[in-house]
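All remarks here apply to the structure that follows.
In the numbering used here, the protein residues as written are 747 to 854.
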């Protein structure tokens, strides 16, 4: 019984260590989510088994949209945005690493 409890505690500790915290927001020019983001005004959430991501695209009429959140590491290979609208898409695997437009990790 003690061994089972120790294994359970260890597995919980490992899973909490592997969970990233990422910024979550969706906004346009002039909002907290834009570049540079106002991180003190952006929600943070755990991203279990995923990477932090930043997606930037043209929405028309001179509007740039910024989306920060959690996605699989291969998200940028098909972010669901037409190529002519896509400005940047990146993923990273460190806590709150999607607070920058220059993210070390996979880029489109």
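Glycine residues also receive a C-beta, built at the ideal position from the N, C-alpha and C atoms.
Taking a cut-off of 8 Å for Cβ pairs, the region 785–798 and the region 763–776 touch, as three or more such pairs fall below it.
Between the beta-carbon of residue 842 and that of residue 800 there is about 11 Å, and that puts the pair past the 8 Å contact cut.
Residue 782 counts as exposed, since fewer than 16 other C-beta atoms from the protein chains shown sit within 10 angstroms of its C-beta.
Here the alpha carbons of residue 773 and residue 788 stand approximately 11 Å from one another. The Cβ neighbour count for residue 786, taken over all protein chains shown within 10 Å, is under 16; the residue is labelled exposed. When beta bridges are read from the DSSP output, residue 842 appears opposite no residue.
Here DSSP, grouped into helix, strand and coil, assigns residue 786 to helix. Under the criterion of beta carbons closer than 8 Å, residue 769 and residue 845 qualify as touching, at roughly 6 Å.
In the three-state DSSP reduction, residue 822 falls in the helix class (H, G or I).
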